[in-house]
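Working notes for the structure below.
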């Protein structure tokens, strides 16, 4: 819901930084993989009760997630680059709830499982919509220039990052926060299915 609104503010500085990195020989895929490694390291730190360090790496990984597209725009965008970015994002988004489950299994395991299922369902509706949009020649730049069609929703990348930051700052709220956020993810998925039915239904 917030991604499109933030693009006008974050794209210009990211593009400048991405252009500078590209000029030094940094590749978009390299930034994507580096961001994934940092994001997974963040999950390890969170699972190990090192919240401040985990939060710092989490934010760094999301910076890399924005920079890879900026580097690609400064050089050459590829379909594989977009694919790799999605894979890295889903791996990161799955690793953080798992980290909180390991962090406090008695309190967090079931809420984390619920959250992960909601991510799985929401991600499926997102990717399925992108496939149908591609087949029907639909395009959008509301989320910036992307390889895939990015359908909007109640919860997008910005909301998820803010949610993870909140969890790192207040880890004790994970059970209730995961229940609320997971439910909103299911709502987002449901709305996306309805939109797909209206647009692509026979």
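Residue numbers (the numbering used here): 1 to 202.
From the three backbone atoms N, C-alpha and C, an ideal C-beta is built for every residue, glycine too.
Query - Nearest-angstrom Cβ-Cβ length linking residue 125 and residue 180, presumed shorter than 8 Å - result: To locate residue 125, count along the chain shown from 1; it is residue 125. To locate residue 180, count along the chain shown from 1; it is residue 180. Taking C-beta atoms under 8 Å as the contact rule, residue 125 and residue 180 fail to qualify, at a distance of about 19 Å.
Query raised in the report: Between which two residues does the alpha helix (DSSP H) containing residue 136 stretch?
Result: For this step, residue 136 is matched to residue 136 along the chain shown. That residue, residue 136, is in no alpha helix (DSSP H); it is neither H nor E in DSSP.
Query raised in the report: Can you find at least 3 beta carbon pairs, one from the region 181-192 and one from the region 113-129, that sit closer than 8 Å?
Result: yes
Query raised in the report: What's the call for residue 82, buried or exposed, on a 16-neighbour Cβ count within 10 Å?
Result: By 1-based counting over the chain shown, the position of residue 82 is 82. Counting of Cβ neighbours within 10 angstroms places residue 82 among the buried residues, the total reaching 16 or more.
Query raised in the report: Straight-line CA distance for residue 200 to residue 121?
Result: Taking the first residue of the chain shown as 1, we reach residue 200 at position 200. Taking the first residue of the chain shown as 1, we reach residue 121 at position 121. Rounded to whole angstroms, residue 200 to residue 121 spans 19 Å at the Cα level.
Query - CA-to-CA distance, residue 74 to residue 28, given in whole angstroms - result: Along the chain shown, read from residue 1 onward, the residue named residue 28 stands at position 28. Along the chain shown, read from residue 1 onward, the residue named residue 74 stands at position 74. One alpha carbon belongs to residue 28, the other to residue 74, and they sit about 9 Å apart.
Query - Inter-residue Cα distance where the pair is residue 35 and residue 22 - result: The count along the chain shown starts at 1 and reaches residue 35 at position 35. The count along the chain shown starts at 1 and reaches residue 22 at position 22. C-alpha separation (whole angstroms): 16 Å.
Query raised in the report: Less than 9 Å separating the beta-carbons of residue 95 and residue 174?
Result: As a working mapping, residue 95 is identified with position 95 in the chain shown. As a working mapping, residue 174 is identified with position 174 in the chain shown. No; because the gap between Cβ atoms is not below 9 Å, this pair is not in contact.
Query raised in the report: Whose CA, out of 109, 10 and 25, lies closest to the CA of residue 63?
Result: To locate residue 63, count along the chain shown from 1; it is residue 63. For the residues 109, 10 and 25, the minimum Cα distance to residue 63 belongs to 10.
Query raised in the report: Helix or strand or just coil, what does DSSP make of residue 30?
Result: As a position in the chain shown, residue 30 is number 30, starting the count at 1. In this structure, residue 30 counts as helix in the three-state DSSP scheme.
Query raised in the report: Going by C-alpha distance, which of 151, 114 and 12 is nearest residue 134?
Result: Here the question's residue 134 lines up with position 134 in the chain shown. Comparing C-alpha distances from residue 134 to each of 151, 114 and 12 shows the shortest one belongs to 151.
Query raised in the report: What separation, rounded to the nearest whole angstrom, lies between the Cα atoms of residue 71 and residue 37?
Result: Here residue 71 is taken as the residue at index 71 of the chain shown, counted from 1. Here residue 37 is taken as the residue at index 37 of the chain shown, counted from 1. Each residue's alpha carbon lies about 18 Å from the other.
**Report entry** Distance, residue 132 Cα to residue 195 Cα
**Finding:** Taking the first residue of the chain shown as 1, we reach residue 195 at position 195. Taking the first residue of the chain shown as 1, we reach residue 132 at position 132. Their backbone Cα atoms lie some 12 Å apart in a straight line.
**Report entry** Opening and closing residue of the alpha helix (DSSP H) in which residue 159 lies
**Finding:** In the chain shown, counting from the first residue as 1, residue 159 sits at position 159. Unbroken alpha helix (DSSP H) run through residue 159: 157-169.
Query raised in the report: CA-CA distance, residue 42 and residue 112?
Result: On the chain shown, residue 42 is found 42 positions in, with the first residue counted as 1. On the chain shown, residue 112 is found 112 positions in, with the first residue counted as 1. Near 17 Å, if we compare the C-alpha coordinates of residue 112 and residue 42.
Requested in this report: Just the C-alpha distance for residue 110 and residue 170, rounded to the nearest angstrom, thanks.
Outcome: On the chain shown, residue 110 is found 110 positions in, with the first residue counted as 1. On the chain shown, residue 170 is found 170 positions in, with the first residue counted as 1. Computed Cα separation, rounded: 18 Å.
**Report entry** Presumed contact (8 Å Cβ cut-off) between residue 168 and residue 54, rounded CB distance
**Finding:** In the chain shown, counting from the first residue as 1, residue 168 sits at position 168. In the chain shown, counting from the first residue as 1, residue 54 sits at position 54. Right, their Cβ atoms sit about 6 Å apart.
Query raised in the report: With C-beta atoms as the reference, is residue 69 less than 9 Å away from residue 33?
Result: Here residue 69 refers to the residue found at position 69 when the chain shown is read from its first residue. Here residue 33 refers to the residue found at position 33 when the chain shown is read from its first residue. It is not a contact, given that the beta carbons lie outside the stated cut-off.
Query - Backbone secondary structure at residue 51 - three-state DSSP - result: In the chain shown, counting from the first residue as 1, residue 51 sits at position 51. In this structure, residue 51 counts as helix in the three-state DSSP scheme.
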